[in-house]
Amino acid sequence: MESMGSNQVWILVDPPKGVRPVGCKWVYKRNLGANGEITTFKARLVAIGYTQRSRVDFEETYSPVAMAKSIRILLAIAAWYDYEIWQMDVKTAFLNGFIEEEIYMGQSEGFTIIGEEQKVFRLQRSIYGHKQAFQSWNTRSDEVIRAYDFIKNDYGSFS
1 MESMGSNQVW
11 ILVDPPKGVR
21 PVGCKWVYKR
31 NLGANGEITT
41 FKARLVAIGY
51 TQRSRVDFEE
61 TYSPVAMAKS
71 IRILLAIAAW
81 YDYEIWQMDV
91 KTAFLNGFIE
101 EEIYMGQSEG
111 FTIIGEEQKV
121 FRLQRSIYGH
131 KQAFQSWNTR
141 SDEVIRAYDF
151 IKNDYGSFS
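The structure is reproduced here in structure tokens:
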């Protein structure tokens, strides 16, 4: 919730007439250590994406996928030159994608703002679970990469 607040993922507004807000739920996960003991607990707020309606709540859902051939080439180059490869996971990656459509989401259970129970969140950025989350993140990622003067080739990767 802190990262969603600092990234200004939503604003609290009165629900417009005729708009059905998308639901949300909490997803919980336990991480286990090498010995099988619980090391951390994680919670993530996700949108209930199946309640979104095509052409009403979203237009595009496409997101590119890396070609296996490209990954193998990069790994071969790294092995040849003895480079280190690090795998990364950005926990708030989807919060960097902007949403162009007007999407409203109900307040989450346990985090309802007292005195504002009837209001809903108007999403400004994508969150996990939305149909267009991958698309909006990919669009934002492309913008950042192009800002560094990379150009896209015919196969969709940058050079």
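Residue numbers (full-length UniProt numbering): 1 to 159.
Using N, Cα and C, we set each Cβ at its ideal position, and we do this for glycine too.
Just so we're clear, the structure is a prediction, and the values are computed from it rather than from any experiment.
Note: valine 9 is not bridge-paired with any residue in the DSSP secondary-structure output.
Taking 8 Å as the upper bound for CB-CB distance, glutamine 118 and serine 126 are not in contact here, some 25 Å apart.
Bounds of the beta strand (DSSP E) holding tryptophan 26 are 24-32. Per DSSP, the unbroken alpha helix (DSSP H) holding glutamate 143 starts and ends at 133-147. By the Cβ criterion, the region 95-113 is not in contact with the region 66-81, since fewer than three pairs of Cβ atoms, one from each stretch, lie closer than 8 Å. The beta carbon of proline 21 is closer than 6 Å to those of Tyr104, Met105, Gly106 and Val120 in its chain, skipping five residues each way along the sequence.
For the 7 Å CB-CB criterion, alanine 47 and glycine 129 form a contact. Of the candidates Gly115, Phe134, Gln135 and Phe98, the residue whose Cα lies closest to the Cα of arginine 122 is Phe98.
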